[in-house]
Amino acid sequence: DAKTTQPNSMESNEEEPVHLPCNHSTISGTDYIHWYRQLPSQGPEYVIHGLTSNVNNRMASLAIAEDRKSSTLILHRATLRDAAVYYCILRDWANAGKSTFGDGTTLTVKP
Amino acid sequence: NAGVTQTPKFQVLKTGQSMTLQCAQDMNHEYMSWYRQDPGMGLRLIHYSVGAGITDQGEVPNGYNVSRSTTEDFPLRLLSAAPSQTSVYFCASSGTGGSGYTFGSGTRLTVV
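Note that the protein sequences, when read in sequence, are chains P and Y. If you read the first sequence in this note's numbering, its first letter stands for residue 18, the second for the next number, and so on. If you read the second sequence in this note's numbering, its first letter stands for residue 3, the second for the next number, and so on.
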């Protein structure tokens with residue numbers, strides 16, 4: 018399975034943009050890039066996903082490098098409620114049942 | 003919309019006991035998975051299913067069994083509970099291979 022690498026932790030100030038990086042150098046052509054976040058004492062929550070092009074939704078934006086070996090989750094204006102663990106995973110649509118998570122990035126938002 | 007429902011929310015077992023964690027989804031999703039999350043750690047895949055009647059092992063399958071007799075339900079059985087199985091268990095489901103997972107709220111299991 019292709020793996021992802023994320024920083025253990027990041028800090029941000031409230032109302033500033035946050036860029037959360039993810040490296041996936043062994044990504045295959047059938048891998049989607051997914052992002053999830055997990056608030057304290059809750060289950061993970063889907064944030065966004067993409068294949069090749071940048072994606073936007075109401076929660077965040079996903080920027081995918083041209084070679085697809087890295088991606089960045091962008092929170093445009095961080096709020097205190099965005100403090101969470103953010104997971105970047107690869108989901109192979111050809112073998113879609115088996116998705117593994119790493120340890121994610123713990124985002125701290127300072128007021 | 004109930005989404006993914008896990009029961010029970012909390013459970014305490016004695017070493018050697020068996021139990022079944024229930025997971026049900028009402029979104030007609032093909033894919034279902036079980037993960038465990040130990041304190042301060044990420045999620046580890048236990049078992050997964052790509053449709054009714056089809057299951058496969060994940061990263062940490064030992065000590066657990068699953069079955070998928072219907073699209074809606076994916077129970078996880080602990081055969082003989084051990085303290086090392088103390089964890090939070092999450093069930094997830096998704097539609098087509100490229101779509102996002104919906105997670106349940108988890109079952110917090112303590113084995114004493």
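Beta carbons: idealized from backbone N, C-alpha and C, even for Gly. Model, not experiment: these values are computed from the prediction.
- Excluding residues up to 5 positions away in sequence, 53, 54, 55 and 56 lie with their Cβ nearer than 8 Å to the Cβ of residue 62 of chain P in the same chain.
- Nearest Cα to residue 91 of chain P within the set P:67, P:68, P:30 and P:38: P:38.
- Contacts with chain Y at 9 Å (Cβ-Cβ) do not include residue 103 of chain P.
- With its beta carbon less than 9 Å from one in chain Y, residue 119 of chain P belongs to the interface.
- According to the DSSP secondary-structure assignment, residue 64 of chain Y is paired through a beta bridge with no residue.
- Our two residues, residue 10 of chain Y and residue 83 of chain P, have alpha carbons roughly 45 Å apart in a direct line.
- Distance check between residue 72 of chain Y and each of Y:52, Y:61, Y:60 and Y:83 places Y:52 closest, using alpha-carbon atoms only.
- Within 10 angstroms of the beta-carbon of residue 26 of chain P lie fewer than 16 other beta-carbons, which makes it exposed.
- When DSSP assignments are scanned along the stretch 40-88 of chain Y, no uninterrupted stretch of alpha helix (DSSP H) that is 4 or more residues long falls wholly within it.
- In this structure, P:105 is the residue among P:50, P:105 and P:128 with its C-alpha nearest to the C-alpha of residue 22 of chain P.
- Of the residues P:107, P:76 and P:33, the one whose Cα lies closest to the Cα of residue 69 of chain P is P:107.
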